[in-house]
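Report on one structure; see the data block that follows.
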Amino acid sequence: MKNLLLIVTLLAFQTGLLAQVPEFTFKVTEETRSMSKGSANALVVSWPKASAKTIAKNWKSYAKKYKGKLSYDRKQGEYFLDNAELKEMSENMVDVRAKINQKGDGTELVVWFNLGVTYLSSKDHPERYPAAEKFLRKFDLMVYAELMKEQLKIEEKKLKIMNKELKKIERAQKKEERRIEKEKKAIEKAQKSIDESQKVIEEQNEAKEKQASEMEYQNQLIDKINAKIKEAKKK
Numbered sequence: 002m003k004n005l006l007l008i009v010t011l012l013a014f015q016t017g018l019l020a021q022v023p024e025f026t027f028k029v030t031e032e033t034r035s036m037s038k039g040s041a042n043a044l045v046v047s048w049p050k051a052s053a054k055t056i057a058k059n060w061k062s063y064a065k066k067y068k069g070k071l072s073y074d075r076k077q078g079e080y081f082l083d084n085a086e087l088k089e090m091s092e093n094m095v096d097v098r099a100k101i102n103q104k105g106d107g108t109e110l111v112v113w114f115n116l117g118v119t120y121l122s123s124k125d126h127p128e129r130y131p132a133a134e135k136f137l138r139k140f141d142l143m144v145y146a147e148l149m150k151e152q153l154k155i156e157e158k159k160l161k162i163m164n165k166e167l168k169k170i171e172r173a174q175k176k177e178e179r180r181i182e183k184e185k186k187a188i189e190k191a192q193k194s195i196d197e198s199q200k201v202i203e204e205q206n207e208a209k210e211k212q213a214s215e216m217e218y219q220n221q222l223i224d225k226i227n228a229k230i231k232e233a234k235k236k
């Protein structure tokens with residue numbers, strides 16, 4: 002029964018640890034969002050536990066792979082990738098606009114794909130839309146890898162702290178073991194002293210009994226002498 006309880010406890014602990022590692026999930030939605038050129042259909046991807054800083058860093062790195070010129074409008078909070086090569090989406094160059102918004106503990110990425118005359122949507126461009134999803138999915142994988150690296154650093158830091166705590170416990174344990182060993186030696190020494198004292202007491206008891214016997218004999222001798230003295234006086 003105890004072994005079963007231990008197994009259940011360990012499984013629960015391991016499950017709790019695995020729950021801390023975020024699973025890879027990808028979901029893109031379409032929404033009409035406003036940007037510097039007005040409102041248009043956009044693709045939105047969210048990360049519930051990612052910072053805007055992390056997403057922005059990865060977006061700048063990812064966008065450069067598509068050979069367009071990337072710029073950032075600080076006032077609008079908008080990234081603009083001019084003339085990107087997205088061949089699966091269009092034979093022509095594509096202008097890609099993006100905004101990164103912090104949402105509580107998470108972040109969302111809003112992306113508009115300008116095909117020249119209109120902005121990409123699944124309704125109007127069903128044959129091109131999958132390329133946009135693939136484009137964002139590849140970016141999501143890149144972000145996921147980055148988040149895993151960040152999580153790894155956090156967990157390694159925790160492990161380092163745990164290791165320090167373990168060493169602290171081990172030092173305290175060794176200290177107690179040394180104290181116990183010292184106390185054992187003290188007890189052995191005290192026991193030896195007790196045994197020696199006990200032996201002395203036994204010897205003293207023997208000497209006391211012998212002395213008491215000799216004193217009894219001496220008292221009897223004195224009594225006899227006194228009796229003879231009294232007898233001599235009567236004569």
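Residues 2 to 236, numbered by this note's numbering, are exactly what the sequence shown covers, in order.
A virtual CB, placed ideally from N, CA and C, is assigned to each residue, including glycine.
From a predicted model like this one, the values you see are computed outputs, not experimental measurements.
| Under three-state DSSP, which class holds F27? | If you number the sequence shown from 1, residue 27 lands on position 26. Three-state result, F27: coil.
| For A41 versus E32, is the C-beta distance shorter than 8 Å? | Mapped onto the sequence shown, residue 41 falls at position 40. Mapped onto the sequence shown, residue 32 falls at position 31. Result no, Cβ atoms of A41 and E32 do not sit closer than 8 Å.
| message | Can you list, in chain order, the residues of its chain with a C-beta nearer than 6 Å to that of I230? Leave out the 5 residues immediately preceding and following it. | response | Looking up residue 230 in the sequence shown gives position 229. So the list is empty, once near-sequence residues are dropped.
| task | Determine which residues share a DSSP beta bridge with V201 and list them. | result | Position 200 of the sequence shown holds residue 201. Here V201 is not bridged, per DSSP, to any residue.
| query | What do you get for Y218, buried or exposed, if any count of 16 or more other CB atoms within 10 angstroms of its CB means buried? | reply | As a working note, residue 218 is residue 217 in the sequence shown. Burial check for Y218: the Cβ neighbour count within 10 Å stays below 16, so the residue is exposed.
| Through-space distance from K161 to L137, alpha-carbon basis | Taking the sequence shown and counting its residues from 1, one reaches residue 137 at position 136. Taking the sequence shown and counting its residues from 1, one reaches residue 161 at position 160. When only Cα atoms are considered, L137 and K161 end up about 36 Å apart.
| said: Output needed for P49: all residues of its chain with C-beta closer than 7 Å, excluding positions within five of it in sequence on either side, in chain order. | reply: Start at 1 with the first residue of the sequence shown, and residue 49 comes out as number 48. So the qualifying residues of the chain are D106 and G107.
| said: If the criterion is Cβ atoms closer than 8 Å, does the pair A133 and M90 meet it? | reply: For the purposes of this step, residue 133 is identified with residue 132 of the sequence shown, where counting begins at 1. For the purposes of this step, residue 90 is identified with residue 89 of the sequence shown, where counting begins at 1. A contact, by the Cβ cut-off of 8 Å.
| said: Closest to Y80 by C-alpha separation, out of M94, W60, N164 and L116, would be which residue? | reply: Within the sequence shown, numbered from 1, the residue matching residue 80 stands at position 79. Of M94, W60, N164 and L116, the residue nearest in Cα terms is W60.
| query | Pick from K185, R98, Y73 and Y130: whose alpha carbon is nearest that of V29? | reply | Indexing the sequence shown from 1 puts residue 29 at position 28. Answer by Cα proximity: Y130.
| message | By the three-class DSSP mapping on this structure, what secondary structure does Q219 have? | response | Taking the sequence shown and counting its residues from 1, one reaches residue 219 at position 218. Q219 falls in the helix class under three-state DSSP.
| Can you list, in chain order, the residues of its chain whose CB lies under 7 Å from that of V95, leaving out five sequence neighbours each side? | In the sequence shown, the residue the question calls residue 95 occupies position 94. Cβ within range, chain order: A85, L87, F114, N115 and L116.
| message | Quick test of your reading: R75 and M36, contact by CB under 8 Å. State the CB separation rounded to the nearest angstrom. | response | Along the sequence shown, read from residue 1 onward, the residue named residue 75 stands at position 74. Along the sequence shown, read from residue 1 onward, the residue named residue 36 stands at position 35. Going by Cβ atoms, the distance from R75 to M36 rounds to 14 Å, so no, they are not a contact pair.
| As assigned by DSSP and simplified to three states, the class of D96 | As a position in the sequence shown, residue 96 is number 95, starting the count at 1. In the three-state scheme derived from DSSP, where H, G and I count as helix and E and B as strand, D96 is classed as strand.
| When you compare each of V45, R34 and K54 to L148 by their alpha carbons, which one comes out closest? | Here residue 148 refers to the residue found at position 147 when the sequence shown is read from its first residue. Selected option, being the one with the closest Cα: K54.
| message | Just to confirm the assignment, what range does the beta strand (DSSP E) spanning A51 have? | response | To locate residue 51, count along the sequence shown from 1; it is residue 50. Run containing A51: none; DSSP gives neither H nor E here.
| So the beta strand (DSSP E) L71 belongs to, where does it begin and stop? | Numbered from 1 along the sequence shown, position 70 holds the residue referred to as residue 71. Per DSSP, L71 belongs to the beta strand (DSSP E) from K70 to D74.
| field | Beta-bridge pairing of W113 - partner residues as DSSP gives them | value | As a first step, residue 113 must be located in the sequence shown, where it is residue number 112. According to DSSP, W113 bridges with R98.
| E86 in three-state terms, based on DSSP | Taking the sequence shown and counting its residues from 1, one reaches residue 86 at position 85. DSSP places E86 in coil when its eight states are reduced to three.
| task | Give me the Cβ distance between N102 and E109, rounded to the nearest whole Å; I'm assuming they're in contact under 8 Å. | result | Here residue 102 refers to the residue found at position 101 when the sequence shown is read from its first residue. Here residue 109 refers to the residue found at position 108 when the sequence shown is read from its first residue. Between E109 and N102 the Cβ distance is about 5 Å, and since that is below 8 Å, they are a contact.
| request: Just the C-alpha distance for S198 and R172, rounded to the nearest angstrom, thanks. | output: What you label residue 198 is simply residue 197 of the sequence shown in a count that begins at 1. What you label residue 172 is simply residue 171 of the sequence shown in a count that begins at 1. Here the alpha carbon of S198 sits roughly 38 Å from the alpha carbon of R172.
| field | CB of D125 within 8 Å of CB of V46, strictly | value | For the purposes of this step, residue 125 is identified with residue 124 of the sequence shown, where counting begins at 1. For the purposes of this step, residue 46 is identified with residue 45 of the sequence shown, where counting begins at 1. No; because the gap between Cβ atoms is not below 8 Å, this pair is not in contact.
| message | Does E32 come out as helix, strand or coil in the three-state DSSP assignment? | response | Along the sequence shown, one-based indexing puts residue 32 at 31. The answer is strand: DSSP assigns E32 an E or B state.
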